[in-house]
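Asks:
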Amino acid sequence: MKDLDSSRIRTRQDFSEFVSALRQELNNSERNWENDTIDSFLEAISAYTLDVEGYYKNKNIDLDANNPSWRVFADILRGASIYE
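For the sequence shown, position 6 matches number 8 in our numbering, and the numbering has no gaps at all.
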């Protein structure tokens, strides 16, 4: 998985490849990250974990964040990179 489309994440391997692509994006500055230090990223992960359900509702994505999956984990990491 070279892109950051979380909708295709089903397995642990998919998640690992997603995280590698996310890291590459950060290191290549392909996109400005709001939370580009470990401290701010972890803070954003904590906050976005509570808000990801709203993201799903706004995008009409039928996922329950209370039933964690590899995709939910990926969405939290992706969201935390830009969460303010």
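Yeah, the Cβ is synthetic: ideal placement off N, Cα and C, and Gly gets one too.
1. Can you tell me where the alpha helix (DSSP H) with D64 in it begins and where it stops?
2. Rounded to whole angstroms, what is the Cα-Cα separation between T51 and D64?
3. Are at least three pairs of beta-carbons, each pair with one atom in the region 72-83 and one in the region 7-19, less than 8 Å apart?
4. For G81 and V54, I'd like the C-alpha separation in whole angstroms.
5. Find out if the Cβ-Cβ distance for the pair L44, S83 is shorter than 9 Å.
Replies: On the basis of the supplied data:
1. Segment: none, D64 is in no alpha helix (DSSP H) and carries neither H nor E.
2. 17 Å
3. yes
4. 8 Å
5. no
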